[in-house]
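In our numbering, the protein residues as written are 543 to 844.
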């Protein structure tokens, strides 16, 4: 009997140690994944990849956010009184192609690297939470420039999601194009994190590292996009998107108010509409902003 109790207790002790080992390993893995999300690898554009490659003059400018993060940016003044804010996605950098596309049609453009991206300062990316401060710094800069009467915005992925949040809050942004934005950060995590039971742990450690809890639930563009109306919104979504739920664009479109347009295509990946249909993309983008800011131009469906 004593031998039985001894081996039973030893087995239970071993199982307890194993369970603790597994739990510790799981928590460590979840924490590392959370930190990887918060600290994306920085991409830096080649020196020649600027608006100058398209013959567009620009200034290198520095923006400072309300929490004192330095953002590197390009600014091209407008010829038509309208500046478009251009916001890139998670893990990316400012878009010279979008900048050129808009500027050669007379639009002013302000393109920046989000915090913890490109040449900007900051060490933590929050996929839309603190990035709101980046958009607000860009908006404040644009409004202070001479010859600026109107502000529009274009954003891809995280940039699109953040701009939806910002546009709902700031009526100074009068028209918005959002390409491949997630309807909510929770939805994006459900696609990016394939193991269901790891999601709460990764979310917990991410919010712990940020120092604020409840952040993930606050990054929900679909909940606020309706507040943008009656300002016009255009939603773009590739239907082969593997980074976010493929119904994200449709959900955002349905939740947004009039006037709104939706452009989707089969077989197109995340933020790849620009490169799959470059001529049509430029046509749709310029037509949308012309309709928003030039009263004689009607908004038409893609």
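All C-beta atoms, glycine included, are put in the ideal place defined by N, C-alpha and C.
query	result
Any idea which residues DSSP pairs residue 694 with across the strands?	626 and 717
For residue 716, tell me which candidate among 820, 823, 623 and 727 has the shortest Cα-Cα distance.	623
When the Cα of residue 609 is compared with those of 793, 663, 786 and 639, which residue comes out closest?	663
To the nearest angstrom, report how far apart residue 588 and residue 659 are at their CA atoms.	14 Å
Looking at the secondary structure, which residues open and close the beta strand (DSSP E) in which residue 653 lies?	650-654
Taking 9 Å as the cut-off, decide whether the C-beta atoms of residue 721 and residue 603 are in contact.	no
Whole-angstrom Cβ separation of residue 702 and residue 620, contact assumed at under 8 Å?	The pair is not a contact, with the Cβ atoms about 22 Å apart (cut-off 8 Å).
Just list the residues that DSSP pairs residue 615 with in beta bridges.	603 and 654
Considering only their Cβ atoms, is the gap separating residue 638 from residue 654 smaller than 9 Å?	no
How far does the beta strand (DSSP E) with residue 806 in it extend, from its first residue to its last?	802-807
What ranges does the alpha helix (DSSP H) occupy inside the segment 752-777, keeping only unbroken runs of at least 4 residues that lie completely in it?	757-760 and 763-766
Pop quiz: residue 582 and residue 667 are said to be a contact at Cβ under 8 Å. What is the actual Cβ separation, rounded to whole angstroms?	5 Å
Label residue 861 either buried or exposed according to how many other C-beta atoms from any shown protein chain fall within 10 Å of its C-beta, with 16 as the threshold for buried.	Any answer about residue 861 is impossible in this case: the structure gives the chain only from 543 up to 844.
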